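Undergrad: The structure under discussion is supplied below as structure tokens; questions concerning it will follow.
In the numbering used here, the protein residues as written are 4 to 134.
This is the structure:
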């Protein structure tokens, strides 16, 4: 079966440069074994690390920054029973407005890295569009 989107969690948005963390909601209807894809977009071209601190149990996939205005980071993890909304940290020295959201995917590979099959997809650092 091809992977399917199960749901999308509530976006965590901050327009304050004083924020130190945001906590995006888990995808609606998620189940253990689903793949949670965390997408973080930031103003100011923040990067992982030092500016953004992803949750320890999320595996970084890719990131891009245009150097001044937009930063984009993508990470994943396999959902487990009892999961709660993660926190994405923002370095106080470089705090910028950002948005974080989690997409839930099911019918992905049951073990190993589900992103490996899509390793040819990269982020265009000059425009943050997938190519």
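Even glycine gets a Cβ: it sits at the ideal position worked out from N, Cα and C. Computed from a predicted structure; not experimentally measured.
Less than 8 angstroms between the CB atoms is what I'm expecting for residue 43 and residue 118, so what's the real figure, rounded?
TA: As a working note, residue 43 is residue 40 in the chain shown. As a working note, residue 118 is residue 115 in the chain shown. The Cβ separation is near 16 angstroms, so there is no contact.
Undergrad: Which residue wins for smallest C-alpha separation from residue 81, given the options 13, 109, 93?
TA: By 1-based counting over the chain shown, the position of residue 81 is 78. Nearest of 13, 109, 93 to residue 81, Cα basis: 109.
Undergrad: State the start and end residues of the unbroken beta strand (DSSP E) segment that holds residue 17.
TA: For this step, residue 17 is matched to residue 14 along the chain shown. Segment 15–17, the beta strand (DSSP E) holding residue 17.
Undergrad: Identify, in the order they occur along the chain, each residue of the same chain with its Cβ nearer than 8 angstroms to the Cβ of residue 79, setting aside the five sequence neighbours on each side.
TA: For this step, residue 79 is matched to residue 76 along the chain shown. Excluding sequence neighbours, residue 79 sits near 38, 39, 40, 41, 61, 62, 64, 117, 118.
Undergrad: How would you call residue 15, buried or exposed, if buried means at least 16 neighbouring beta carbons within 10 angstroms?
TA: What you label residue 15 is simply residue 12 of the chain shown in a count that begins at 1. Answer is buried; the Cβ neighbour count reaches 16.
Undergrad: Give the straight-line distance between the Cα atoms of residue 86 and residue 6, rounded to the nearest whole angstrom.
TA: As a first step, residue 86 is located in the chain shown; it is residue number 83 there, counting from the start. As a first step, residue 6 is located in the chain shown; it is residue number 3 there, counting from the start. Whole-angstrom Cα-Cα distance: 21 angstroms.
Undergrad: For residue 123, which residues of its own chain have a beta-carbon under 6 angstroms away from its beta-carbon, when the five flanking residues on both sides are left out?
TA: Working through the chain shown from its first residue, we reach residue 123 at position 120. Because the pLDDT at residue 123 is just 46, under 50, the model does not fix this residue reliably, and the value given afterwards should be weighed accordingly. Same-chain partners within the cutoff: there are none.
Undergrad: How is residue 119 classed by DSSP in three states: helix, strand or coil?
TA: Position 116 of the chain shown, counting from 1, holds the residue named residue 119. Three-state result, residue 119: helix.
Undergrad: To the nearest angstrom, how far is it from the Cα of residue 57 to the Cα of residue 93?
TA: Position 54 of the chain shown, counted from the start, is the residue given in the question as residue 57. Position 90 of the chain shown, counted from the start, is the residue given in the question as residue 93. The alpha-carbon atoms of residue 57 and residue 93 are separated by roughly 9 angstroms.
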